[in-house]
Each structure stands twice: as structure tokens, then as C-alpha cells.
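In the numbering used here, the protein residues as written are 19 to 87.
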């Protein structure tokens with residue numbers, strides 16, 4: 019019984035610490051200035067666009083066309 023209570027207390031403590039850390043990370047963009055997040059978002063969008071184009075080209079090639087419509 020003592021081990022159970024100790025386990026519940028330790029679990030509660032770890033959960034509280036995890037939730038507080040996640041809350042602080044969400045506020046203030048994790049300590050990064052907003053313009054760095056904007057740059058990361060822009061790079062991510064460029065990568066997505068590149069992947070989409072590559073996928074379209076691959077699908078067109080598989081269907082026997084040279085270039086996608």
C-alpha cells in the first residue's frame with residue numbers, strides 16, 4: 019500500500035512537471051524570436067512545394083507523359 023501511494027505521488031509530480039514544461043514551451047514560441055519561426059515555416063513550405071512538384075513529375079512519368087498538365 020505504501021508503494022502504491024508513493025507511485026501515485028511520483029507520477030503526479032512527473033505529470034505536473036511535464037505539463038508545466040509543455041506550457042512554457044508553447045508560450046513565447048519556445049524562447050525563439052518570432053522571425054526565426056517564420057523562417058522555419060517558410061523553409062518548410064518550400065520543401066513541401068518541392069516534394070509536390072517531384073510527386074507530380076513522378077506520377078506523370080509513371081502514366082507515360084513527359085510533363086504534368
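Glycine included, every Cβ here is placed at the ideal spot set by N, Cα and C.
Close beta carbons around residue i, own chain, < 8 Å, minus the five adjacent residues each side
| i | result |
| --- | --- |
| residue 63 | none |
Residue i versus residue j: straight-line alpha-carbon distance, rounded
| i | j | result |
| --- | --- | --- |
| residue 27 | residue 34 | 11 Å |
| residue 17 | residue 29 | Past the boundaries of the shown model lies residue 17; the chain is included only from 19 to 87, so the question cannot be answered. |
| residue 68 | residue 74 | 10 Å |
| residue 70 | residue 82 | 18 Å |
Where residue i sits in the DSSP three-state scheme
| i | result |
| --- | --- |
| residue 27 | helix |
| residue 36 | helix |
| residue 80 | helix |
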